[in-house]
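Structure first, then comments.
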């Protein structure tokens, strides 16, 4: 049962809007979707229309309208327990954030989209399109490995749902991978990828399926061939000419960019490098389509063909400098940081139930010391049996010394997420201060507390600290103590904390499992 099978109103209009966008007729789809939004009373239909409308705005390049469209779609989707909608919305929001230059929001939406789409219990053709848009967002951000994995997921889901293979051929993803290689000095690698793209088109032409390719795919195939020719490589003659292919793409802003840059490539390939340079002086294309370095790299190729090697060298250095700003390794670490931030935000929402910000640690989102003391007091006052545990980080000083306090903050956020993740339902976790955390286990004895300690230690040990703070391993030492009924509550808590602290210090001296 697909997502649209659960929509009760204007399903035909929503289906038609999808078909229009697949055919690169986003302006028509936008008008239709606006009509659905104005006339429907069905929350599911409204949410679907708003997510589709955001897709149309992105295709049309109407950047100024992105923020409002995302806010309205988010409000419509928020109360619907449908992972596909949340995943697709976040994939589109990632694309929008990328076009707006908001890298942190873009990566955050990428992480959320992958989590939501991966949680879809019964994936269908709509889920396949969600993975397709996520793959596009990965690709535009130069996460080429993630993009190829996501588009393969879309292709497999699409085949199961009866979507032809060529629909998710996604030559644009491999095209961006190819030009990224060229921007970084690997022109041979670029040509290998471009030849593979050309071979795919040849295969579709020979099978008689080229007519089923999406207009946006045709434009990407055309640019790939034009770029291959600009690098001096022999382009296969079978199938439509590059000059004809780049005219496809409908009303997409990306297609317009490919047409303009494609004409530059064809001028170079046809022996008209001065015309190519003149075109580059007048074209205005988005940095997001093929990367900020592409116009500079094309200028370098054209100037080389024109014999102006000094100017070509300067243009090439600019292209390389622009490309170097997008370092895949830094982005991989950034994704880890955003994932930690999402965990942190989820914990902040949970902590908000405990009387708001005044009782919440602003760094980790966990309850703070003040809330911890109130909580323990309430539990013990009710006469419940309770064990408290003091968790102190090992190696944290070295993190701050070698990597700085920003990295130290990321480690604290990650630790908070790890501890919170492995606790049992009803347990309580707080940041006590510095690198010290306290866990409270209601209705628990010391035997169960030892098992909780083992789980926390194992989870911390298995985290990939090397990618976050290389060369500085992070561990945790834990000590537990039971709060006795004693003569006075304050004294009983003080004694328990001192005992737990002593046990934690003893744990630091014990040998650790490797």
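Numbering (the working numbering), first residue to last: 1 to 514.
Backbone N, C-alpha and C fix where the C-beta goes; we use that ideal spot for every residue, glycine too.
Source: prediction; values computed, not measured.
Let me confirm a value: residue i is counted as buried when at least 16 other C-beta atoms fall within 10 Å, else exposed. Which label applies?
i	result
residue 446	exposed
residue 153	buried
residue 281	exposed
residue 294	buried
residue 70	buried
residue 144	buried
residue 467	exposed
residue 274	exposed
residue 249	buried
residue 26	buried
residue 234	exposed
residue 359	buried
residue 112	buried
residue 405	exposed
residue 98	buried
residue 207	exposed
residue 122	exposed
residue 494	exposed
residue 309	exposed
residue 457	buried
residue 364	buried
residue 78	exposed
residue 593	Residue 593 is absent from the structure shown; the chain starts at 1 and stops at 514.
residue 182	buried
residue 39	exposed
Keeping to the same chain, check which residues put their C-beta closer than 6 Å to that of residue i; ignore five residues upstream and five downstream.
i	result
residue 217	169, 171
residue 276	264, 267, 268, 302
residue 20	28, 29
residue 484	492
residue 93	70, 109
residue 432	369, 438
residue 316	300
residue 57	65, 69
residue 385	443
residue 375	428
Note down, in chain order, each residue of its chain lying with its Cβ closer than 7 Å to the Cβ of residue i, except the 5 sequence neighbours on either side.
i	result
residue 116	83, 86, 87, 90
residue 135	147, 150, 151, 154, 170, 173
residue 462	none
residue 166	204, 209, 212, 213
residue 119	83
residue 312	300, 303, 304
residue 477	392, 394, 504, 507, 508
residue 426	442
residue 80	43, 44, 47
residue 138	110, 146, 147, 150
residue 158	125, 128, 167, 168
residue 500	388, 389, 390, 479, 480, 481
Between which two residues does the beta strand (DSSP E) carrying residue i extend?
i	result
residue 481	475 to 482
residue 430	428 to 433
Among residues of its own chain, excluding the 5 on either side of residue i, which ones have a beta-carbon nearer than 8 Å to its beta-carbon?
i	result
residue 7	14, 42, 44, 45, 48
residue 515	Outside the displayed span of the chain (1 to 514) sits residue 515, for which this structure offers no information.
residue 52	14, 17, 18, 21, 29, 33
residue 497	388, 390, 481
residue 184	320, 323, 324
residue 37	46, 49, 50, 53
residue 502	479
residue 450	480
What is the residue span of the alpha helix (DSSP H) that residue i lies within?
i	result
residue 394	From DSSP, residue 394 is part of no alpha helix (DSSP H) but of the beta strand (DSSP E) over 386 to 394.
residue 441	Looking at the DSSP string, residue 441 is not in any alpha helix (DSSP H); the run it does join, the beta strand (DSSP E), is 436 to 442.
residue 141	Neither: residue 141 is in no alpha helix (DSSP H) and is coded neither H nor E.
residue 15	11 to 22
residue 246	No alpha helix (DSSP H) holds residue 246; DSSP gives it neither H nor E.
residue 188	187 to 206
residue 423	Unbroken run through residue 423: none, as it is neither H nor E.
residue 294	294 to 306
residue 165	Neither: residue 165 is in no alpha helix (DSSP H) and is coded neither H nor E.
residue 381	369 to 381
residue 171	171 to 183
residue 43	43 to 60
residue 39	26 to 39
residue 280	273 to 282
residue 286	Note, residue 286: premise wrong, no alpha helix (DSSP H); not H, not E.
Assuming residue i contacts residue j under a Cβ cut-off of 8 Å, what Cβ separation, rounded to an integer in Å, is found between them?
i	j	result
residue 126	residue 4	7 Å
residue 141	residue 106	6 Å
residue 285	residue 251	At roughly 16 Å, the Cβ-Cβ gap does not stay under 8 Å, so residue 285 and residue 251 are not in contact.
residue 224	residue 175	5 Å
residue 475	residue 394	4 Å
residue 548	residue 291	No answer is possible for residue 548: the residues shown for the chain start at 1 and end at 514.
residue 221	residue 201	5 Å
residue 240	residue 229	That pair is no contact at about 14 Å.
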